[in-house]
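Q: Using the working numbering, you'd call the opening residue of the sequence shown number 17 and step up by one each time. Beta carbons: idealized from backbone N, C-alpha and C, even for Gly. Just so we're clear, the structure is a prediction, and the values are computed from it rather than from any experiment. I have a structure here, written as structure tokens, and I will follow up with some questions on it.
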Amino acid sequence: MARPREFDEDRVVTAAMETFWRHGYEGTSTRDLCESTGLGPSSLYNAFGGKRPLYLRALDRYYETSTAEQVALLRGPGPVRDRLRAMMVHAVDADLGTDVGTDLDADLGTDGGTDGGTDPDANPDADPDGGDRRGCFAVNAAIESTAPDEDVREAVRRSFDRVESELYAILTAGRHSGEIRATGDLHALARRIQSTYYGLRVLGRIQRDRQALLDTVESTLADL
């Protein structure tokens with residue numbers, strides 16, 4: 017009779033996700049995973065089958081948490097542009113370490129360049145400006161996945177496809193309500209906004225000028 021597992025599997029997978037997100041697949045060692053999860057090498061292997069299967073579980077957890085958070089912002093209350101803005105500003109602030117969820121009018125006003133940074137000691141990924149700087153785990157995985165690993169690509173594609181689908185839905189609703197004036201194919205427009213969003217996640221890893229990133233957000237929304 018198999019012995020019951022004596023650890024919280026959800027906690028372990030989340031800890032592994034944070035470690036892979038921080039260091040990437042190649043940059044994460046078994047020792048790193050053992051330190052972050054609290055499991056020994058044999059327990060880690062017996063429970064998950066090794067590093068690669070755990071990486072795939074971590075990508076699934078990202079889909080269930082961070083990708084779901086993006087979707088929730090798009091499905092929130094308010095005008096279409098405000099919901100699109102909320103998703104993109106949330107990404108900017110997550111990467112720069114500014115207060116997420118602050119009033120968007122204040123964020124994008126004349127004083128919008130002020131960073132309300134957090135304690136960099138609170139997160140090992142934080143830079144001196146208080147930012148997280150990890151970017152998007154799905155984007156990082158897509159960039160790192162140079163080998164033909166179809167399982168990784170499928171896990172990443174699932175996150176991308178879900179965001180694109182939600183963007184298409186909100187743009188369709190906005191066109192019907194008259195909020196979206198842009199003409200042309202809405203699938204293409206959804207992919208354009210998605211490309212801007214993921215571009216912000218990459219730029220947020222190196223860009224310290226919050227207002228420059230917010231200007232990109234507003235320029236994108238102005239074309240709608």
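Could you give the first and the last residue of the continuous alpha helix (DSSP H) run that contains Ile159?
A: Translated into positions along the sequence shown, residue 159 becomes position 143. Element bounds for Ile159: 153 to 160.
Q: Return the residue from the list Glu180, Ile222, Thr30, Arg224 that minimises the CA-CA distance to Leu100.
A: Taking the first residue of the sequence shown as 1, we reach residue 100 at position 84. Among Glu180, Ile222, Thr30, Arg224, the Cα nearest to that of Leu100 belongs to Glu180.
Q: If contacts are defined as beta-carbon pairs under 8 Å, then Gly40 and Glu160 qualify, I think. What distance do you get, rounded to the angstrom?
A: Your numbering for residue 40 matches position 24 in the sequence shown. Your numbering for residue 160 matches position 144 in the sequence shown. Right, the Cβ-Cβ distance comes to about 5 Å (below 8 Å), so this counts as a contact.
Q: What does the Cβ neighbour count give for Gly194, buried or exposed, with the cut at 16 atoms within 10 Å?
A: Taking the first residue of the sequence shown as 1, we reach residue 194 at position 178. By the neighbour-count rule (16 or more Cβ atoms within 10 Å), Gly194 is not buried but exposed.
Q: Measuring alpha carbon to alpha carbon, tell me which of Asp225, Cys50, Ala206, Asp111 ends up nearest Phe36.
A: The residue labelled residue 36 in the question sits at position 20 within the sequence shown. Out of Asp225, Cys50, Ala206, Asp111, Cys50 has the C-alpha closest to the C-alpha of Phe36.
Q: Just the Cα atoms here: how many angstroms apart are Pro93 and Tyr184?
A: Against the sequence shown, residue 93 aligns to sequence position 77. Against the sequence shown, residue 184 aligns to sequence position 168. Those two C-alpha atoms are separated by around 17 Å.
Q: Cutting at 7 Å between CB atoms, please list the residues of its own chain near Ile222, excluding the five before and the five after it.
A: As a working mapping, residue 222 is identified with position 206 in the sequence shown. Hits under 7 Å: none found.
Q: Answer yes if the region 63 to 82 comes into contact with the region 163 to 176, meaning at least three C-beta pairs across the two stretches below 8 Å, and no otherwise.
A: Contact between the region 163 to 176 and the region 63 to 82 is present, because at least three Cβ pairs lie under 8 Å.
Q: Skipping 5 residues on each side, what residues in its chain have a beta carbon closer than 7 Å to that of Arg16?
A: The structure shown does not extend to residue 16, since the chain is modelled only from 17 through 240, so no value can be given for it.
Q: Return helix, strand or coil for Ala189, following the three-state DSSP convention.
A: On the sequence shown, position 173 is the one that residue 189 refers to. Helix at Ala189.
Q: Reducing DSSP to helix, strand and coil, say where Ala74 ends up.
A: Along the sequence shown, one-based indexing puts residue 74 at 58. Helix, per DSSP.
Q: Put Asp242 into one of helix, strand or coil per three-state DSSP.
A: Lying before the first or after the last residue shown, residue 242 is absent from the chain, which here runs from 17 to 240.
Q: Go through its chain and collect everything with a Cβ distance to Asp167's Cβ below 7 Å, but skip five positions before and after it.
A: As a working mapping, residue 167 is identified with position 151 in the sequence shown. Answer for Asp167: Leu72, listed in chain order.
Q: Could you check where the alpha helix (DSSP H) with Pro57 kicks off and where it finishes?
A: For the purposes of this step, residue 57 is taken as the residue at position 41 of the sequence shown. 57 to 64 is the extent of the alpha helix (DSSP H) around Pro57.
Q: State the Cα-Cα distance for the pair Gly113 and Asp165, rounded to the nearest angstrom.
A: Residue numbering aside, residue 113 sits at position 97 when the sequence shown is read from its first letter. Residue numbering aside, residue 165 sits at position 149 when the sequence shown is read from its first letter. Each residue's Cα considered, the two are about 33 Å apart.
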